[in-house]
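**Student:** One structure, pasted below without further comment.
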DNA sequence: ATTGTGACGTTGC
DNA sequence: TGCAACGCCACAA
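Put into C-alpha cells, the structure is as follows:
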C-alpha cells in the first residue's frame, strides 16, 4: 500500500463515479483506463475494494453480460443482487435486466 | 526473474 | 447462433 496503486486507484475512482441506479462493466473501466485488455485486473482491484475506505460500489460493477459474476465475493450470496435491486435495477438469476438502460459508460460520461 | 492466478473480453470453430 | 479456447495485463508468492 505504500506505493500509489495507480491502476487500482483509478478503478476505485471510476467505480465511485457510477451514478445511482447504474452499472458498468469491468471492460468499460479497463478501456477507460487505457488497458482494455486488463478487464480482469479491474475485478482483481475490486478484491481490495472492501479494503478501501470510500466503500467502492463494487455491486455496480458487473461483466459485459450484466452477470453478477463477483456476487460470490460479497458477504452474503444475494447481497449484491439485493443492493442492485434496491437501486431500481432488475436482477434475475444474477443477470441484470435492461442492461442497456442501466448501463453506464465511463468513456461516454467522462 | 519466473510462475500462477484472476469478480473478463474477444475471436474462432 | 452457441460453445470453447486463447489472450491479456497486473499483482502475489
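In the working numbering, the protein residues as written are 14 to 123. Even glycine gets a Cβ: it sits at the ideal position worked out from N, Cα and C. Because the structure is a prediction, the values reported are computed rather than measured.
1) Leaving out five residues before and five after residue 58 in sequence, what residues of the same chain have Cβ atoms less than 6 Å from its Cβ?
2) Kindly list the residues whose CB is nearer than 8 Å to the CB of residue 67, restricted to its own chain and excluding five residues on each side of it in sequence; keep chain order.
3) Give me the Cα-Cα distance between residue 79 and residue 92, rounded to the nearest whole angstrom.
4) Using a Cβ-Cβ cut-off of 6 Å (strictly less than) and excluding sequence neighbours within five positions of residue 89, which residues of its own chain qualify?
5) I'd like to know whether the C-beta atoms of residue 102 and residue 36 end up nearer to each other than 8 Å.
6) Would you identify the three-state DSSP class for residue 46, choosing helix, strand or coil?
7) How big is the Cα-Cα spacing for residue 76 and residue 116?
**Tutor:** Judging by the given coordinates:
1) Position 45 of the first chain holds residue 58. The answer, listed in chain order, is 21, 24.
2) The residue given as residue 67 occupies position 54 in the first chain. So the list reads 25, 29, once near-sequence residues are dropped.
3) In the first chain, the residue the question calls residue 79 occupies position 66. In the first chain, the residue the question calls residue 92 occupies position 79. Straight-line Cα distance between these residues: approximately 16 Å.
4) As a first step, residue 89 must be located in the first chain, where it is residue number 76. Counting only Cβ-Cβ distances below 6 Å, and skipping sequence neighbours, we find nothing.
5) Here the question's residue 102 lines up with position 89 in the first chain. Here the question's residue 36 lines up with position 23 in the first chain. Contact: yes.
6) For the purposes of this step, residue 46 is identified with residue 33 of the first chain, where counting begins at 1. Here residue 46 carries a helix assignment [DSSP, helix/strand/coil].
7) Here residue 76 refers to the residue found at position 63 of the first chain. Here residue 116 refers to the residue found at position 103 of the first chain. The alpha-carbon atoms of residue 76 and residue 116 are separated by roughly 11 Å.
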